[in-house]
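Quick note: to get the numbering used here, add 27 to the position in the sequence shown (first position is 1). A virtual CB, placed ideally from N, CA and C, is assigned to each residue, including glycine.
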Amino acid sequence: MYQHIDQEGFVLPYATGKVVCVGRSYREHAEELNNAVPDAPLLFIKPATSLTPMSEPLVLPKNQGPVHHEAEVALLIGRRLCKADAETALNGVVGVGLALDLTLRSVQDDLKAKGQPWERAKAFDGSCPMGPFVAPDLLPPLQQLVFSLEVNGEPRQTGDTALMMWTMGELLADISHSFTLMPGDIVLTGTPKGVAELNPGDSLRLTLNQQFAVEAKVAK
Numbered sequence: 028m029y030q031h032i033d034q035e036g037f038v039l040p041y042a043t044g045k046v047v048c049v050g051r052s053y054r055e056h057a058e059e060l061n062n063a064v065p066d067a068p069l070l071f072i073k074p075a076t077s078l079t080p081m082s083e084p085l086v087l088p089k090n091q092g093p094v095h096h097e098a099e100v101a102l103l104i105g106r107r108l109c110k111a112d113a114e115t116a117l118n119g120v121v122g123v124g125l126a127l128d129l130t131l132r133s134v135q136d137d138l139k140a141k142g143q144p145w146e147r148a149k150a151f152d153g154s155c156p157m158g159p160f161v162a163p164d165l166l167p168p169l170q171q172l173v174f175s176l177e178v179n180g181e182p183r184q185t186g187d188t189a190l191m192m193w194t195m196g197e198l199l200a201d202i203s204h205s206f207t208l209m210p211g212d213i214v215l216t217g218t219p220k221g222v223a224e225l226n227p228g229d230s231l232r233l234t235l236n237q238q239f240a241v242e243a244k245v246a247k
């Protein structure tokens, strides 16, 4: 069962909500998949059932093609945000963590070719492994975060939030004009280039600003 926890392992006082994801917020990631660079944030939602703690083995769907990792900075929302401005939205962030947006890439490619929604590729059970959250005041400003993913000790992805096409405040404000964000909701802010396939038995290590790290293991 998933619950929001902090870096000490304590359960945070927020119910598990939806996960609002931002696609293509890093230009180089859009380009590596030959996707158009959007003029506005591309949004989709994962349900609460997509969340799973990274402390448990990550279970990949079987017989549905390659599952790609997409490492992302995750923001935990602590207050209701509806049609907020950027400053108000930033003040609603109570936790910063690292997450994986697991993606059935062949399924997504097929859905995109047919002009259909992505949920079957993005929102399946366990598609959002989530690490613990760190209080924002323990980190640099949200626009100065560096994060990375290693798989089996090999570097796969490195991201720098300063390179995002929209600031964190702009993203949160934009989201709040379409979807009211509630306490316990999570926003995934997008992935940098370097997405690739995961395999059973893989060991993962995600690092946030060289201060906090979380490890995960793909089930065999």
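- Message: Per DSSP, what are the beta-bridge partners of S230 in this structure?
- Response: Beta-bridge pairing links S230 to K244.
- Item | Contact under 7 Å by Cβ, G158 with G105 | Result no, Cβ atoms of G158 and G105 do not sit closer than 7 Å.
- Residue environment, R107, which counts as buried when at least 16 other CB atoms sit within 10 Å: Under a 10 Å Cβ-count criterion, R107 is classified as exposed, with fewer than 16 other Cβ atoms of the shown protein chains found around its own Cβ.
- Touching or not, the region 42-54 and the region 189-196, by the rule of three or more beta carbon pairs under 8 Å? Yes, the region 42-54 is in contact with the region 189-196.
- Message: Could you give the first and the last residue of the continuous alpha helix (DSSP H) run that contains E197?
- Response: Unbroken alpha helix (DSSP H) run through E197: 195-203.
- Query: If you drop the 5 nearest sequence neighbours on each side, which residues of the same chain put their C-beta closer than 7 Å to that of V86?
  - Reply: Within the same chain, V86 has close Cβ partners G153, A246.
- Message: Report the start-end ranges of each alpha helix (DSSP H) in the region 128-209 that is 4 residues or longer and not cut off at the edges.
- Response: The region 128-209 contains these whole alpha helix (DSSP H) runs: 132-140, 146-149, 195-203.
- So does the region 111-123 actually touch the region 140-154, counting three or more Cβ pairs closer than 8 Å? Taking 8 Å as the limit for Cβ pairs, the verdict is that the region 140-154 does not touch the region 111-123.
- Does the beta-carbon of D212 have 16 or more other beta-carbons within 10 angstroms, so that it is buried, or is it exposed? Taking all protein chains in view, the Cβ of D212 is crowded by 16 or more other Cβ atoms within 10 Å, so the residue is classified as buried.
- Helix, strand or coil at E83 [DSSP, three-state]: Secondary structure at E83: coil, using DSSP grouped into helix, strand and coil.
- Kindly list the residues whose CB is nearer than 6 Å to the CB of V178, restricted to its own chain and excluding five residues on each side of it in sequence; keep chain order. Sequence-distant partners of V178 (beyond 5 residues in either direction) whose C-beta falls short of 6 Å from its own C-beta, in its chain, are D229, L231.
- Name the two residues that bound the continuous beta strand (DSSP E) containing E114. E114 -> not in any beta strand (DSSP E); alpha helix (DSSP H) instead, spanning 113-118.
- Are there 16 or more other CB atoms within 10 angstroms of the CB of H204, so buried, or fewer, so exposed? H204 is classed as exposed because its beta carbon has fewer than 16 other beta carbons within 10 Å across all chains shown.
- Message: Counting C-beta neighbours from all protein chains within 10 Å, is the total for D112 16 or more, i.e. buried, or is it exposed?
- Response: Burial is judged here by how many other beta carbons sit within 10 angstroms of a residue's own beta carbon; D112 has fewer than 16 and is exposed.
- Query: Whose CA, out of A67, A162, E114, lies closest to the CA of Q238?
  - Reply: From the listed residues A67, A162, E114, the smallest Cα separation to Q238 is found for A162.
- Item | Pick from P167, R147, C109 that is closest to N236, judged by C-alpha positions | Closest by C-alpha distance to N236, out of P167, R147, C109, is P167.
- Task: Can you have a look at V38 and say buried or exposed, based on whether 16 or more other CB atoms are within 10 angstroms of its CB?
- Result: So V38 counts as exposed.
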